[in-house]
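Protein chains in written order, with the working numbering: chain A, 3 to 202; chain B, 1089 to 1316.
Built from N, CA and C at the ideal position, the CB exists for glycine as well.
Working notes for the structure below.
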Amino acid sequence: MSTLGLYLPGSSPLHRLPAGAKLAAMLAVGVGSIFLDRYWSVGPAIALVLSGFAVAGIPFRTALRQVRPLVWIAGFVAAFHVVVNGWERAFVVVGVIAMLVLLASLVTLTTRTTDMVDAVVRACRPLRVVRVDPERIGLLLALSIRSVPVVVGLAEEVRDAQRARGLTASPRAFAVPLIVRSLRHADALGDALVARGVDD
Amino acid sequence: MIEVEGVTHIYGEAANERVVLNEVNVTLDEPRIGVIGANGSGKSTFVRLINGLVVPTRGKVRVDGRDTTEDGREIRRRVGFCFTDPDAQIVMPTVREDIAFGLRRRGLSKAEVAARVGSALETYALEDHADHPAHLLSGGQKQLLALASVLVTEPDTLVLDEPTTLLDLRNAAKVSALVRTLDQQVILVNHHLDLLNDFDRVIVFDDTLLVFDGSAPEATDFYRRLMA
Chain A
3 MSTLGLYLPG SSPLHRLPAG AKLAAMLAVG VGSIFLDRYW SVGPAIALVL
53 SGFAVAGIPF RTALRQVRPL VWIAGFVAAF HVVVNGWERA FVVVGVIAML
103 VLLASLVTLT TRTTDMVDAV VRACRPLRVV RVDPERIGLL LALSIRSVPV
153 VVGLAEEVRD AQRARGLTAS PRAFAVPLIV RSLRHADALG DALVARGVDD
Chain B
1089 MIEVEGVTHI YGEAANERVV LNEVNVTLDE PRIGVIGANG SGKSTFVRLI
1139 NGLVVPTRGK VRVDGRDTTE DGREIRRRVG FCFTDPDAQI VMPTVREDIA
1189 FGLRRRGLSK AEVAARVGSA LETYALEDHA DHPAHLLSGG QKQLLALASV
1239 LVTEPDTLVL DEPTTLLDLR NAAKVSALVR TLDQQVILVN HHLDLLNDFD
1289 RVIVFDDTLL VFDGSAPEAT DFYRRLMA
């Protein structure tokens, strides 16, 4: 079961939809979300995205896992807006963020990374005229998705090492080794990419 | 055939320079070659020279007559490389996608990529995990995936830099058994000396120098005495 928004195999209509169409729809909803400015419009939007999870045959608890990491940020944003703009605005902002994260998760859970990369590479082809390599952008996307569980794993290792040495609440003792390990991993990944033929 | 002529490699510059390989001369054309040595002896740098991941500061490395300094790209197509830590070389999120990665970059058709990936999944007993996230595999399965992703591109030579170091004995034996079945020339860096018993030739590095070159029993005996 995916806890990090990675592809879940399936044969639902959403799984079969072309990656380009899903990405375009996500972009359109992202841009269109600026028009969601009434508190009563947010609930139906979230419900619509959740119905997408049902269509894809993805359990509700998996959908919930996708927004769980947002809790702290959402809490902070909500508190800010309640104080500055009132509870209605807070509800709209947090609701729209949650809806967009759910939608992005729905796309990644129902789309193979390679299909997504192919769609992005196709969309970026016109950028060749300004000497941007679309394959590079596709590779960047794939590596970003792949790196999420790697960095989460490194963070868990660092946290365990911290606990073992009794440094339970030191942000610096957590951040420094995590950054160092992440950079080392990036270095090793660079070597692996060269070894696998991504050399120019 | 791999020819290493008068190779010295130095990391860093001026005051901070560190010699990691010193005047190495060797020709490797046997099917199974082991490389052993203490940590920091230069063995990993040596094998990285073979597929052009590292280019020599002085001297020449040639693979089938091609110079790694001038022809790195072509050499990397012929010489596959497998690292110690599989997590660092798995570049795609799922098993199937990672095996397909190297093939897609070679411009093969989708149908051919799918056929070769399917065959690799079966050969390396990964078909049940094809669409699983790679990070959820066990250490042994990750190393098998790393090997499968390299071997699916059909290199002439496979370099393995301590592929069993992070594995338990069972998985180390599994990887070792797989290596034995390969048709390719294999160059294996390893601390598990038992895994080199049936190799055709083993070379030993110590303190930047190639200090022994001979049969597996002689080389491992020499190395044990050196480390005593």
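Here's a check: name, in chain order, each residue in its chain whose Cβ is nearer than 8 Å to the Cβ of residue i, leaving out the five neighbours to either side.
i: Lys1230 (chain B); result: Pro1174, Asp1175, Ile1178 and Ala1222
i: Phe140 (chain A); result: One point to set straight first is that residue 140 (chain A) is Gly, not Phe, in the sequence displayed. Hits under 8 Å: Val119, Asp120, Val122, Val123 and Cys126.
i: Thr1096 (chain B); result: Val1107, Leu1109, Asn1110, Glu1111, Val1112, Pro1144, Thr1145, Arg1146 and Gly1147
i: Val79 (chain A); result: Ala92, Val95, Val96 and Ile99
Just checking: is the beta-carbon of residue i within a distance shorter than 9 Å of some beta-carbon in chain A?
i: Ile1178 (chain B); result: yes
i: Leu1109 (chain B); result: no
i: Pro1251 (chain B); result: no
i: His1050 (chain B); result: This structure gives no information on residue 1050 (chain B), because the portion of chain B shown stretches from 1089 to 1316.
i: Ser1237 (chain B); result: yes
i: Arg1204 (chain B); result: no
i: Glu1185 (chain B); result: yes
i: Asp1244 (chain B); result: no
i: Phe1134 (chain B); result: no
i: Arg1154 (chain B); result: no
i: Asn1127 (chain B); result: no
i: Asp1173 (chain B); result: yes
i: Ala1103 (chain B); result: no
Keeping to the same chain, check which residues put their C-beta closer than 7 Å to that of residue i; ignore five residues upstream and five downstream.
i: Thr5 (chain A); result: Summary for Thr5 (chain A): the model assigns pLDDT 48, below 50, so the residue's position carries little reliability; its value from the coordinates is reported in the next sentence. Answer for Thr5 (chain A): Arg67, listed in chain order.
i: Gly97 (chain A); result: Val44 and Ile48
i: Ser1237 (chain B); result: Asp1186, Ile1187, Phe1189 and Gly1190
Beta-carbon of residue i versus every beta-carbon of chain B: anything under 9 Å?
i: Asp162 (chain A); result: no
i: Arg148 (chain A); result: yes
i: Ala157 (chain A); result: no
i: Val196 (chain A); result: yes
i: Leu145 (chain A); result: yes
i: Asp135 (chain A); result: no
i: His187 (chain A); result: yes
i: Tyr41 (chain A); result: no
i: Thr116 (chain A); result: yes
i: Ala121 (chain A); result: no
i: Val200 (chain A); result: yes
i: Ser4 (chain A); result: Low local confidence applies: a pLDDT of 47 at Ser4 (chain A) is under 50, so the model's placement there is unreliable, with the coordinate-based value given in what follows. Yes, because at least one Cβ of chain B sits closer than 9 Å to the Cβ of Ser4 (chain A).
i: Leu8 (chain A); result: yes
i: Leu104 (chain A); result: no
i: Ala21 (chain A); result: no
In angstroms with no decimal places, state the Cα-to-Cα distance between residue i and residue j.
i: Gly1125 (chain B); j: Asp193 (chain A); result: 22 Å
i: Asn1278 (chain B); j: Pro179 (chain A); result: 28 Å
i: His1280 (chain B); j: Leu1266 (chain B); result: 15 Å
i: Pro173 (chain A); j: Leu143 (chain A); result: 29 Å
i: Thr1274 (chain B); j: Leu72 (chain A); result: The sequence given here has Val at residue 1274 (chain B), not Thr. The alpha-carbon atoms of Val1274 (chain B) and Leu72 (chain A) are separated by roughly 48 Å.
i: Val1240 (chain B); j: Val1205 (chain B); result: 7 Å
i: Val84 (chain A); j: Gly77 (chain A); result: 10 Å
i: Tyr41 (chain A); j: Gly88 (chain A); result: 11 Å
i: Pro37 (chain A); j: Ala56 (chain A); result: For the sequence presented, residue 37 (chain A) should be read as Phe rather than Pro. Approximately 25 Å between the Cα atoms of the pair.
i: Asp162 (chain A); j: Thr1245 (chain B); result: 40 Å
i: Ser1129 (chain B); j: Arg1313 (chain B); result: 16 Å
i: Glu159 (chain A); j: Leu29 (chain A); result: 36 Å
When DSSP builds the beta bridges, which residues end up paired with residue i?
i: Pro1221 (chain B); result: B:Thr1182
i: Tyr1099 (chain B); result: B:Arg1106
i: Val1112 (chain B); result: B:Val1095
i: Ile1090 (chain B); result: B:Leu1116 and B:Val1151
Tell me which same chain residues have a C-beta within less than 6 Å of the C-beta of residue i, skipping the five on either side of it?
i: Met3 (chain A); result: Confidence is the limiting factor: at Met3 (chain A) the pLDDT is only 44, short of 50, which leaves the residue's position unreliable and the question unanswerable from this model.
i: Ala188 (chain A); result: none
Worksheet entry | Stretch pair the region 1273 to 1285 of chain B + the region 1295 to 1314 of chain B: three plus CB contacts closer than 8 Å | yes
Discussion item. Whether or not the region 1212 to 1227 of chain B and the region 1189 to 1197 of chain B are in contact is what I'm after, with contact meaning three or more pairs of Cβ atoms, one per stretch, closer than 8 Å; do they touch?
Written reply: no
Discussion item. Three or more C-beta pairs under 8 Å: does that hold for the region 147 to 157 of chain A against the region 1129 to 1143 of chain B?
Written reply: no
Fill in: Inter-stretch contact (C-beta, 8 Å, three-pair minimum) for the region 80 to 94 of chain A and the region 1148 to 1164 of chain B
no
Practice prompt. Specify whether the region 106 to 116 of chain A and the region 7 to 23 of chain A touch according to this definition: at least 3 beta carbon pairs, one from each stretch, less than 8 Å apart.
Written response: yes
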